[in-house]
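Input: a single structure, listed below in C-alpha cells.
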Amino acid sequence: MSDVQTGRMLLSHNFAIAQDDVPALSREEFTQVMIDGAMGHSDLTCTIIDNPHWIVEVRFYPEAYTPQQVGEQCAKALAQKRLGQKIEGSDPFHILALGGIKTSPAPGPSPTSLQPGEWGVDIIETPSSDEFLKGIDWEATIAANPPDSIFKVDLTLPRSGLARWL
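Adding 178 to a residue's 1-based position in the sequence shown gives its number in our numbering.
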C-alpha cells in the first residue's frame, strides 16, 4: 500500500474487564487480532509499532473505507476473538472504538507518533460503555469537535451465543 494513497490510523488498547471473563492480551496478541481481522480486506493492513501508547498502525484506502468503518472492523475483530474466549455465563461486556482525527502538532518527530490528519483510536474493553464514557466525560470531549472528526463504535458481547452484529 502506497503511503500517498492511504489513510493512517493508530490503535491503543484499554482492557478494563475481569480476567476471569477473558484473558488480557499482550501488545503482540492484540496486533495479531487486528491482523487476523484485516485478512480478507486487501485494502487494510495492520502492523505493530513501537510507541508507549499506540500499539497498531492501520493503513487503509479512504476511497474504500471511512475511518468509522475501519474502527468498526477493528472492534469486530476483537469481538470475534473474545467470543471464542468468553467463558459461558460470564457477564456481558462492551468493546468501544473511540476515534478522533489529530488536529494539533505531533508530540515529537517519531514515525510512530500520531500526526496531524491521522486518526487515533482507543479500543476499550469495559463492563459498561455508559460508565466508561461518563468517566472520560465523552460528551464534553466531543461537543466542540465537528461530527466528521470523531466516531464511536459500541459493541456488546452477550452473556452467551453470537452477537447479532457479527
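Here a beta-carbon is modelled for each residue, glycine too, at the ideal position from N, C-alpha and C.
Beyond the five residues adjoining it in sequence on each side, Q251 comes within less than 8 angstroms, by CB distance, of G215, A216, H219, L222 and Y243 in the same chain, given in chain order. Counting the other CB atoms within 10 Å of its CB gives I195 a total of 16 or more, which places it among the buried residues.
At the C-beta level, L256 and I301 come within 8 angstroms of one another. In this structure, Q293 and K280 form a Cβ contact; the two beta carbons are roughly 6 angstroms apart against a cut-off of 8 angstroms. When DSSP states are grouped into helix, strand and coil, G298 belongs to the strand group. One alpha carbon belongs to D315, the other to A321, and they sit about 10 angstroms apart. Assignment of G215 by DSSP, reduced to helix, strand and coil, places it in the helix class.
The C-alpha of W232 lies about 8 angstroms from the C-alpha of T290.
Across the structure, K264 and P270 are spaced so that their CA atoms are roughly 9 angstroms apart. Within the segment 249-324, complete beta strand (DSSP E) segments of at least 3 residues are found at 271-279 and 297-304, given in chain order.
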